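Residue numbers (the working numbering): 1 to 174. Quick notes on the structure that follows.
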Ligand SMILES: CC(C)(COP(=O)(O)OP(=O)(O)OC[C@H]1O[C@@H](n2cnc3c(N)ncnc32)[C@H](O)[C@@H]1OP(=O)(O)O)[C@@H](O)C(=O)NCCC(=O)NCCS
């Protein structure tokens with residue numbers, strides 16, 4: 001993965017109270033609603049972490065939320081879990097990611113995903129997990145993540161995963 005270069009003027013930082021979350025429109029109401037209503041509260045409760053990108057330090061034009069979860073070994077392909085314990089396995093979860101319509105199709109989604117995966121990789125050095133998982137909310141969102149190497153869990157076409165070995169290769173592979 002190449003080092004992330006943000007478009008000129010954009011700054012990524014942890015979501016804070018001063019960020020304007022209400023004007024954000026990604027085209028998916030669930031993605032907008034999470035940012036508006038839940039993201040900051042969940043961060044304050046240590047349930048998830050959200051990073052927001054702004055041009056002016058206030059109005060959010062993109063964001064992602066990551067956290068930790070557990071995944072049942074039976075939901076992952078046999079080849080992947082063969083040597084793992086047969087119970088719940090630790091996983092990072094990419095809960096949400098969105099780009100404001102005014103910024104879509106300019107490479108911001110790819111950069112935000114890259115940044116989320118870098119954060120996951122850094123976290124995995126301290127709190128190991130077997131995969132990054134996510135639930136795609138639409139066919140378009142599933143296609144976006146498939147484009148970047150996420151695979152479907154068997155029998156769960158909208159539940160996607162990226163093995164940590166692949167995450168490491170992506171992040172450290174340059
Ligand atoms: C999905 C989303 C984040 C993409 O953001 P974006 O800034 O428009 O995407 P980018 O410009 O960075 O695109 C990067 C690459 O992904 C591809 N891509 C973007 N959207 C895609 C889609 N729906 N399906 C397949 N590929 C897609 C682009 O073609 C591009 O590939 P290329 O570099 O090989 O040409 C954005 O459309 C969005 O916020 N959608 C609504 C919210 C949502 O669905 N979020 C995801 C689930 S929480």
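Note that the Cβ used here is the ideal one computed from N, Cα and C, for glycine as well. Everything numeric in this text was worked out from a predicted model, so none of it was measured.
| Asked | Found |
| --- | --- |
| Burial state of residue 140, where buried means 16 or more other Cβ atoms lie within 10 Å | exposed |
| Collapsed DSSP secondary structure at residue 62 in the structure displayed | strand |
| For residue 158 and residue 142, believed in contact at Cβ under 8 angstroms, the rounded distance | 6 angstroms |
| Residue 105 Cβ short of 7 angstroms to ligand 1 heavy atom set | yes |
| Simplified DSSP state of residue 104, which is helix, strand or coil | coil |
| Residue range of the beta strand (DSSP E) that includes residue 98 | 88 to 99 |
| Residue 35 CB to nearest heavy atom of ligand 1 below 7 angstroms | no |
| Heavy atom of ligand 1 within 7 angstroms of residue 53 beta-carbon | no |
| Sequence-distant residues of the same chain with beta carbon closer than 6 angstroms to residue 134, five excluded per side | 94, 160 |
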